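Chemist: Below is a structure I'd like to ask you about.
Number of protein chains: 2
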Amino acid sequence: MDHSVRMTSTLDPRDAWTAEGCTIAKALDAIPTRSAFLILREAFYGTTRFDDFAERVGISEPVTAARLRELVEKGLLEREDYREPGQRTRRRYRLTPKGADLFPALVALMQWGNRWLDDRGGPVALRHRDCGEEVSVELRCAAGHAVCPEVVDLAPRDARHATHDAAAMRMASRRRLAAE
Amino acid sequence: MDHSVRMTSTLDPRDAWTAEGCTIAKALDAIPTRSAFLILREAFYGTTRFDDFAERVGISEPVTAARLRELVEKGLLEREDYREPGQRTRRRYRLTPKGADLFPALVALMQWGNRWLDDRGGPVALRHRDCGEEVSVELRCAAGHAVCPEVVDLAPRDARHATHDAAAMRMASRRRLAAE
DNA sequence: CCGCTGGCTTAGGGATTGCATAGCCAGGAC
DNA sequence: GTCCTGGCTATGCAATCCCTAAGCCAGCGG
Numbered sequence: 033m034d035h036s037v038r039m040t041s042t043l044d045p046r047d048a049w050t051a052e053g054c055t056i057a058k059a060l061d062a063i064p065t066r067s068a069f070l071i072l073r074e075a076f077y078g079t080t081r082f083d084d085f086a087e088r089v090g091i092s093e094p095v096t097a098a099r100l101r102e103l104v105e106k107g108l109l110e111r112e113d114y115r116e117p118g119q120r121t122r123r124r125y126r127l128t129p130k131g132a133d134l135f136p137a138l139v140a141l142m143q144w145g146n147r148w149l150d151d152r153g154g155p156v157a158l159r160h161r162d163c164g165e166e167v168s169v170e171l172r173c174a175a176g177h178a179v180c181p182e183v184v185d186l187a188p189r190d191a192r193h194a195t196h197d198a199a200a201m202r203m204a205s206r207r208r209l210a211a212e
Numbered sequence: 033m034d035h036s037v038r039m040t041s042t043l044d045p046r047d048a049w050t051a052e053g054c055t056i057a058k059a060l061d062a063i064p065t066r067s068a069f070l071i072l073r074e075a076f077y078g079t080t081r082f083d084d085f086a087e088r089v090g091i092s093e094p095v096t097a098a099r100l101r102e103l104v105e106k107g108l109l110e111r112e113d114y115r116e117p118g119q120r121t122r123r124r125y126r127l128t129p130k131g132a133d134l135f136p137a138l139v140a141l142m143q144w145g146n147r148w149l150d151d152r153g154g155p156v157a158l159r160h161r162d163c164g165e166e167v168s169v170e171l172r173c174a175a176g177h178a179v180c181p182e183v184v185d186l187a188p189r190d191a192r193h194a195t196h197d198a199a200a201m202r203m204a205s206r207r208r209l210a211a212e
């Protein structure tokens, strides 16, 4: 069975364009390493402190420091100093909205790993607090339909505009021919 | 604002457990490199042939060969020989169901990249063939509710059993005290 | 002032990823 | 038999990722 998405409009055939500017590639540049991604996992799990990140991800302190700095520089985490009463100043790292928006990607990988890489469905589950049911990611269109991958097309951004423009140009061309 | 998920049951406090066996980490082990992930992107875009993978991802042939071999070994792609009439035997790579099931993860990264890394919302869009609307991933629970990350909890797999077992043990303990 | 802690940095080294280049090889066409 | 093509492999090198170990430093408590 063919599991690929269908190319449409100027994207068909696939030879006709390059993936320059691909946002999947850009996303992978933003979180280029396994250690960076797992630090984000820990941030989603509520970890905030340097030593805890190192310990819970299982990476060394130099790498922890480097990854935290990069994630702050890229705007996925923010660093702030805080102080509990009677204690000295400490530093914590927290997700920004930009970083938090990676949650579906994290969930999608967990879901895949649960299904294919763990006979028991994974050691942990994400649950909807209100009803207790397990949470997963689903493909949906803007009209609210659940969409299976078999009916997903890849189109240029603004393909409607492009398609509309192309139709308008064809009409103009016909008018020119009729006037000749 | 706190963007982390809430730990529940034996997962709270976060100190109480390690992420050994984490399926996110296992998933990252399965697709450990940027080049592997982008080869999968191309497979979703319908690319099947060796030279095309190398060219469209923009990686060298030695790396293309190594990544394709690894993805086949891990069961995400399958390799088969085929022959067009009048031509010599060729080889193509195609997604397996296991590989195809990574589509939501790919879509989630594209969606994030479209929103945060491209002022114009990304060069391409995924659309629902039946209605033309853009496709994205959404968090949903098994009861069908759309779920925002603020109401997602992390629980041990089979937490209901664990919680139920704990309640049953408390009842038995009360009965023993009453009999004394 | 000393000691401790939290949060790093530095240095050296090993492993991995990826590049460019050249080459190999099977199988087909001529 | 020769040539070409598609799909690799081999080699040497550069860059990156990560490790361990040691060290630094500010700020606090005693």
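First to last, the sequence lines map onto chains A and B.
Under this note's numbering, the final residue of the first sequence carries the number 212; numbering is consecutive throughout.
Under this note's numbering, the final residue of the second sequence carries the number 212; numbering is consecutive throughout.
Cβ atoms here follow ideal geometry from the backbone N, Cα and C, with glycine treated the same way.
As the structure is a computational prediction, the values presented were derived from the model and not from experiment.
Pull up the distance between the alpha-carbon of E110(A) and that of A75(B), whole angstroms please.
Modeler: Their backbone Cα atoms lie some 36 Å apart in a straight line.
Chemist: Would D185(A) be called buried (16 or more neighbouring beta carbons within 10 Å of its own) or exposed?
Modeler: Burial call: buried.
Chemist: Is the shortest distance between the beta-carbon of L103(A) and the beta-carbons of chain B less than 9 Å?
Modeler: No, no contact with chain B.
Chemist: Would you give the residue range spanned by the beta strand (DSSP E) that R122(B) belongs to?
Modeler: R122 to L127 is the span of the beta strand (DSSP E), which, as asked, contains R122(B).
Chemist: Taking its Cβ as the centre, do 16 or more other Cβ atoms sit within 10 Å of A119(A), making it buried, or is it exposed?
Modeler: Note that residue 119(A) is Gln in the sequence shown here, rather than Ala. Flag for Q119(A) reads exposed.
Chemist: Look at the Cβ atom of T55(B), then the Cβ atom of G154(A), and state whether they are nearer than 9 Å.
Modeler: It is a contact, given that the beta carbons lie within the stated cut-off.
Chemist: DSSP beta-bridge partners for A132(B)?
Modeler: A132(B) is not bridged to any residue.
Chemist: Between the region 91 to 102 of chain A and chain B, which residues of the former have a C-beta closer than 8 Å to a C-beta of the latter?
Modeler: Under the 8 Å Cβ criterion, the region 91 to 102 of chain A contributes no residue.
Chemist: So who's on the other strand from S67(A), going by DSSP bridges?
Modeler: Per DSSP, none; premise fails for S67(A).
Chemist: Taking 9 Å as the threshold (beta carbon to beta carbon), is R122(A) in contact with chain B?
Modeler: Answer no: the Cβ-Cβ gap between R122(A) and chain B never drops below 9 Å.
Chemist: Using DSSP with H/G/I as helix, E/B as strand and the rest coil, what is A178(A)?
Modeler: Note: A178(A) maps to strand in three-state DSSP.
Chemist: Looking at the C-beta of A86(A), does it have a partner C-beta in chain B at a distance below 9 Å?
Modeler: So no, A86(A) is outside the interface.
Chemist: If you follow the beta strand (DSSP E) that V37(A) is part of, which residue opens it and which one closes it?
Modeler: Careful: V37(A) lies outside any beta strand (DSSP E) and carries neither H nor E.
Chemist: Since A68(B) meets chain A, which of its residues come closer than 8 Å, beta carbon to beta carbon?
Modeler: What A68(B) touches in chain A: nothing, since even the nearest Cβ is about 10 Å away.
Chemist: Taking Cβ-Cβ distances below 9 Å as the criterion, which residues of the region 143 to 157 of chain A are in contact with chain B?
Modeler: Within the region 143 to 157 of chain A, the qualifying residues are Q143, W144, G145, N146, R147, W148, L149, D150, R152, G153, G154, P155, V156 and A157.
Chemist: Quick one: grab the DSSP three-state call for A187(B).
Modeler: In the structure shown, A187(B) sits in a strand (DSSP, three-state: E or B).
Chemist: Are the C-beta of A62(A) and some C-beta of chain B separated by less than 9 Å?
Modeler: Yes, contact with chain B.
Chemist: Could you give the first and the last residue of the continuous alpha helix (DSSP H) run that contains R170(B)?
Modeler: Note on residue identity: the sequence assigns Glu, not Arg, to residue 170(B). Run containing E170(B): none in the alpha helix (DSSP H); it sits in the beta strand (DSSP E), V167 to C173.
Chemist: Taking just the CA atoms, how far does P94(B) sit from R126(A)?
Modeler: Looking at the two C-alpha atoms, the distance is approximately 40 Å.
Chemist: I'd like to check one pair, T121(A) with D133(A): are the Cβ atoms closer than 9 Å?
Modeler: Contact flag unset, no.
Chemist: Identify every residue that forms a DSSP beta bridge with Y114(A).
Modeler: DSSP, once it has assigned bridges, lists R122(A) as partnering Y114(A).
Chemist: Quick one: list the residues of chain B neighbouring Y77(A), beta-carbon separation under 9 Å, in chain order.
Modeler: Per Cβ cutoff of 9 Å: S36, V37, M39, L43, R46, A51 and L186.
Chemist: Express the C-alpha separation of G164(A) and E52(A) in angstroms, rounding to a whole number.
Modeler: Distance between the alpha carbons of E52(A) and G164(A): 43 Å.
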